[in-house]
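Colleague:
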Amino acid sequence: MLYRDDGHVLLALRSGTRWADGYWSVPAGHLKGGETLPEAAVREAREELGIGIDPDDLAHVVTVDYREGTEIRALTAFFTARHWTGAPDNLEPDLCRRLAWFPPDGLPQPISPISAAAIAARADSRTFETCWLDGPLAPV
1 MLYRDDGHVL LALRSGTRWA DGYWSVPAGH LKGGETLPEA AVREAREELG IGIDPDDLAH
61 VVTVDYREGT EIRALTAFFT ARHWTGAPDN LEPDLCRRLA WFPPDGLPQP ISPISAAAIA
121 ARADSRTFET CWLDGPLAPV
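Read left to right, the sequence shown gives residues 1 to 140 (the UniProt record's numbering).
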């Protein structure tokens with residue numbers, strides 16, 4: 001998660017991803033090969049947003065246990081970075097309709113439940129959160 005000095009968080013409007021299309025979400029991705037979580041966060045920031053982050057500038061915020069019904073779908077680790085080089089830009093327009101900054105108490109709707117859970121947990125200084133859904137998110 002990227003936070004500006006004024007506390008706003010960067011969100012992406014998902015599109016063409018096959019999960020949560022039409023929902024706002026923190027920019028995110030998956031591990032590749034033998035990457036560590038910080039290495040993946042740095043790579044994803046570069047690939048999706050065109051910014052450089054020093055791994056030492058990352059801080060783990062929260063891990064979200066995401067479940068659909070009774071099935072565990074993912075354990076998602078969220079990091080925060082307040083320092084980076086470059087300006088965030090949408091480098092994946094086929095997967096993201098747009099990027100925008102929002103205050104944590106004024107998040108857009110609909111927002112992915114995982115992102116909402118992570119942002120709320122950060123605000124309350126919790127480092128673990130469980131996010132339950134009745135089933136997969138339908139595109140909006």
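We put the beta carbon where it would ideally sit given N, CA and C, even for glycine.
Take glycine 22 and list the residues in its own chain whose beta-carbon comes closer than 6 angstroms to its own, dropping the five residues that flank it on each side.
Modeller: Excluding sequence neighbours, glycine 22 sits near Pro139, Val140.
Colleague: What's the gap between the Cα of serine 15 and the Cα of glutamate 92?
Modeller: C-alpha separation (whole angstroms): 10 angstroms.
Colleague: With isoleucine 119 as the anchor, note down where its alpha helix (DSSP H) starts and where it stops.
Modeller: Looking at the DSSP string, the run of the alpha helix (DSSP H) that includes isoleucine 119 is 113-123.
Colleague: Taking Cβ positions, are proline 110 and histidine 8 nearer each other than 7 angstroms?
Modeller: For proline 110 and histidine 8, no; Cβs fall outside 7 angstroms.
Colleague: Taking C-alpha atoms, which residue in Asp124, Cys131, Pro108, Ala121 lies nearest to serine 25?
Modeller: Nearest C-alpha to serine 25: Pro108.
Colleague: Considering only the beta carbon of each residue, do proline 88 and isoleucine 51 sit closer than 7 angstroms?
Modeller: Result yes, Cβ atoms of proline 88 and isoleucine 51 sit closer than 7 angstroms.
Colleague: Taking just the CA atoms, how far does histidine 60 sit from alanine 40?
Modeller: Computed Cα separation, rounded: 13 angstroms.
Colleague: Quick check: the Cα distance between aspartate 134 and aspartate 94, rounded to an integer number of angstroms?
Modeller: For aspartate 134 and aspartate 94, the distance between alpha carbons rounds to 28 angstroms.
Colleague: By DSSP's criteria, tryptophan 19 is part of a beta bridge. Which residues make up the other side?
Modeller: Note: tryptophan 19 sits in no beta bridge, so no partner.
Colleague: Do you know offhand how far isoleucine 114's Cα is from tyrosine 66's?
Modeller: C-alpha separation (whole angstroms): 7 angstroms.
Colleague: Here's the rule: buried if 16 or more other CB atoms are within 10 angstroms of the residue's CB, otherwise exposed. What is glutamate 71?
Modeller: Answer is exposed; the Cβ neighbour count stays below 16.
Colleague: Counting C-beta neighbours from all protein chains within 10 Å, is the total for serine 125 16 or more, i.e. buried, or is it exposed?
Modeller: The residue is exposed, with fewer than 16 neighbouring Cβ atoms inside 10 Å.
Colleague: So what does DSSP say about leucine 58, is it helix, strand or coil?
Modeller: Strand at leucine 58.
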